[in-house]
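First up is the structure itself, then whatever we jot down about it.
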Amino acid sequence: MFIVHLALQGCLRAEDVAYGLTPDTGGHIRYLLELATAQIRHPAIDRVVIVTRAFESRYGADYHAGHERTEAGFEILRLPTSHSGYLSKEDLWRETDAFSEALAAWLEAEPKRPDYLHAHYADAATVAARMRERFAMPFVFTAHSLGRVKLAAFDTANAPLQAKAGLERRVVTEENAISAADLVVASSRDEAEVQYATYDRYEAGRIRIIEPGSNLEAYRAARPTPAVRAMLAPFLREPDRPMVLAIARPMAKKNLPALVEAFGSDPWLYENANLVLVAGVRDDIADLEPECREEMRAILEAIDRHDLYGRVALPKHHGAADIPALYALAHETGGVFVNPALNEPFGLTLLEAAASGLPVVATDSGGPNDIVERCRNGLLVSPQRKDAIATACRTILADHEAWRHYSANGAKAVAAYDWDRHTERCLAAMRRLLAKGDGRRTGRIKQLLVSDIDNTLTGSDPYMAAFVKWYAGETGLTFAVATGRSFHSALAILEQHEAPTPEIVISSVGSEIHLLDENGVTYHADRAWERHIDRDWHPRDIAERLACVANLAPQGPLEQRRFKLSYLAEDDPGIVERIRGRLGEAGLAASVIYSHARYLDILPVRASKGAAIAYLRKQFDLAENAVFVAGDSGNDIEMLQSVPQAIIVANYSDSLASNRTLAHSYIARKSHALGIIEGVRHFRERAR
């Protein structure tokens, strides 16, 4: 396979990338280089080329037009455009016409065309869309960061008109990229379900979460070096204090001045810790790009305001080899890593910290939600609340047992972020796209199996392997899942457990239905179902009515869906009746579901997993005995009641076997996925 990556922005070279040299020379370049290196190692991939823009500038001669062939085996091709100098990402749109023509000429001259293009950032997607039209080759889009998020994160009321216009133009370009791409690759649930959802052309089913890998061996093996100790020595009076470490470019979205304010305003941190900020490379602040220059001044003013001299380090230079050693030194001091960004699309530095055994405090806006949930290596905070940032740092630093717990968790769990696995997942998706799917689609359903995911389908890897083998031989059976998880969360957990690809995903407690497209990779939402459940659904009015209910707190943005409001209500058996009464008084119709003595969901009155199954049965004209459902807990009762062929796996909970409304169900002798197989066979035998 031949893959071409398009990446126009920043100072891109194969080795010794000067990260922070410009505002656009950041994590996306490391992402791209590590991805290309992993791809060229894969036996099915013959060639990888990164095509970028050539320019002349004070940054050096490495970025002139021409080819750079690397030791790793991939190539970097730099194409000239009409403007010969360096351009920031805000101005690259002017060069997409010239870049497209140069790229088309190169593709015409190549003896073999790429199998697909991978566009990084929206301007590259503009180019890729033109190549798709001209050469009929598919393209994948990775945004890395989105303009609408930046618009939401910053107060643009006082921003220059040029900056506003640039962001608005970027959003339009991103809308076109989302619409044109064959597949959109996101790094996290927040990106896939919250950030992209703000766009008019958003289609959840065309987005796949494929977490980036990371080359973390250097961080696992790192030790503090004399060079790093010498780097910090001029700044710190007591260098052995626990270190509060942050590594980020000095840009407004990275929110570094707020971290300085948080540190300086907290008496315990002031007296017991050191703050170390690694904020890019500089000789003179005056030479920095305007945004970076302003941020550095804000950092220095905050240091001066809180009189942090001797307690804060802000080195001017560092090399790539110094970064792992800095994490190691922070670990040695019993410190903590902080990412206070207003929004972080992924959070690579959090993986580096985890591999170093360093607990983290991270923004709750963006990818860190997924990383901290999976690694369980720290605390999430609102980046807008300086007091919350300080409290989280103090909580970890002052509690040695918690520090050890977070340290051990992160060092173990971070192994899940692997570039080889990322490459394999991308390759599998593209093979299916290029092959136009595998032939088994929802238009030809004869029998339907709908299973809960957690602890029903999943829970035993050997049983899952047996289920996969069994289902591969079931040519007349369509596999679907019904879950309380969101659509992307459901796909992620199924992929982690190497489950079959479901033809239908009923998600968010039955409030969403997605059906697999003919290509076998993307999905489309069932709009008729949405229209059906949308009747008499007034989520804003419901949220306002419940705003003052005692012991009821909204869950985070990730858990809120168009047709689902999610809350926390700790151990409150009477909460359901109180909410129903309050909504009834206001004439608001809704379904109230309380589970695990903690989670409370409000849905449209017509939405549920059972109702969704009944709807699908009608849509596909299926008899009752053509549908099987499988579950394990109280959350599945309504679904299990919906059809005669209900399967309760042996590892059930919540007294399902003694529930009179489920007397028609088959109680399997085997657990998890094997119980599902057993149940299907039982009902088929009974039918015969």
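Read left to right, the sequence shown gives residues 1 to 688 (UniProt numbering). Quick reminder that beta carbons are idealized off the backbone N, C-alpha and C, glycines included.
Residue 716 versus GLY27: straight-line alpha-carbon distance, rounded: Nothing can be reported for residue 716, as the shown portion of the chain is limited to 1 through 688.
Continuous beta strand (DSSP E) stretch holding LEU674: start and end: Going by DSSP, LEU674 is part of no beta strand (DSSP E) but of the alpha helix (DSSP H) stretching over 672 to 687.
8 Å contact criterion, which PRO557 and VAL194 should meet: CB distance rounded: At roughly 5 Å, the Cβ-Cβ gap stays under 8 Å, so PRO557 and VAL194 are in contact.
Endpoints, the alpha helix (DSSP H) within which ALA428 is located: Note, ALA428: alpha helix (DSSP H), 419 to 434.
Cα-Cα separation, ILE453 to VAL481: Using only the alpha carbons, I get a separation of about 7 Å.
Span of the alpha helix (DSSP H) around ARG531: Segment 527 to 534, the alpha helix (DSSP H) holding ARG531.
For MET243, the first and last residue of its enclosing alpha helix (DSSP H): Counting along the chain, no alpha helix (DSSP H) covers MET243; the unbroken beta strand (DSSP E) around it starts and ends at 243 to 247.
Beta-carbon gap between ARG376 and ASN409 smaller than 7 Å: Yes. Within cutoff.
Residue burial classification, THR661 (beta-carbon count within 10 angstroms, cutoff 16): Flag for THR661 reads exposed.
Own chain, CB closer than 7 Å to ASP182, minus 5 neighbours either side, in chain order: Answer for ASP182: PRO138, PHE139, VAL140 and LEU433, listed in chain order.
Outcome for LYS618 when other beta-carbon atoms lying within 10 angstroms are tallied against a minimum of 16: Classification of LYS618: exposed, given that the 10 Å Cβ count is below 16.
Backbone secondary structure at LYS564 - three-state DSSP: Of the three classes helix, strand and coil, the one that applies to LYS564 here is strand, per DSSP.
Assumed close pair PRO340, ALA258 - CB separation to whole angstroms, cut-off 8 Å: Between ALA258 and PRO340 the Cβ distance is about 6 Å, and since that is below 8 Å, they are a contact.
Proximity winner among TYR599, LEU600 and ALA614, relative to ARG606 (alpha-carbon distances): The candidate whose alpha carbon is nearest that of ARG606 is ALA614.
TYR116 (DSSP reduced to helix, strand or coil): TYR116: strand per DSSP, three-state reduction.
DSSP beta-bridge partners of GLU56: For GLU56, which the question treats as bridged, DSSP gives the partners GLY85.
Pairwise C-alpha distance: GLN384 and ALA157: Its pLDDT being 46, under 50, ALA157 is placed unreliably by the model, and nothing is read from it.
Inter-residue Cα distance where the pair is ARG580 and LEU656: One C-alpha to the other measures close to 25 Å.
Spatial distance of LEU269 from ALA390 (CA atoms): Approximately 8 Å, taken between the alpha carbons.
Candidates ALA499, ALA353 and ALA248: closest to ASN215 by CA position: In this structure, ALA353 is the residue among ALA499, ALA353 and ALA248 with its C-alpha nearest to the C-alpha of ASN215.
Those runs of the alpha helix (DSSP H) which lie wholly inside the stretch 97 to 152 and span at least 4 residues: Counting only runs of 4 or more, we get 122 to 135.
Local Cβ density within 10 Å of LYS386, reported as buried at 16 or more and exposed below that: Here LYS386 is buried: its Cβ has 16 or more other Cβ atoms, across all protein chains shown, within 10 Å.
Coil, strand or helix - GLN641 by DSSP: Coil at GLN641, not helix or strand.
C-beta contact flag for TRP470 and ILE677 at 7 Å: Yes; because the gap between Cβ atoms is below 7 Å, this pair is in contact.
The stretch 241 to 253 contacting the stretch 332 to 339, beta-carbon criterion three pairs below 8 Å: Enough Cβ pairs lie closer than 8 Å, so yes.
Distance CB(PHE479)-CB(GLU512) smaller than 7 Å: With contacts defined as CB atoms closer than 7 Å, PHE479 and GLU512 fail to qualify as a contacting pair.
Closer than 7 Å to chain B by CB, TYR19: This model lacks chain B altogether; it includes just one protein chain.
Three-state secondary structure assigned by DSSP to VAL509: Coil at VAL509, not helix or strand.
Residues near ALA128 by beta carbon distance below 6 Å, same chain, minus five either side: The residues are LEU6, LEU117, ALA119 and PHE139.
Three-way DSSP call (helix, strand, coil) for GLN496 in this model: In this structure, GLN496 counts as helix in the three-state DSSP scheme.
Reduced DSSP category for LEU288 - H, G, I as helix; E, B as strand; rest coil: Looking at LEU288 - three-state DSSP - the assignment turns out to be coil, as it is neither helix nor strand.
Residues that DSSP places opposite ILE3 in a beta bridge: BP columns for ILE3 point to VAL48 and TYR116.
Inter-residue spacing [alpha-carbon to alpha-carbon] between GLU191 and THR52: GLU191 and THR52: Cα-Cα distance of roughly 25 Å.
Cβ shell of GLU685 (< 7 Å), same chain only, five flanking positions each side left out: For GLU685, where only same-chain residues beyond five positions count, there are no Cβ hits under 7 Å.
Ordered list of beta strand (DSSP E) runs contained in the stretch 167 to 249, each at least 3 residues: DSSP runs (the beta strand (DSSP E)) wholly in the stretch 167 to 249: 183 to 186, 207 to 209 and 243 to 247.
Short Cβ contact (7 Å threshold) for PHE99 with ASP46: Not a contact, by the Cβ cut-off of 7 Å.
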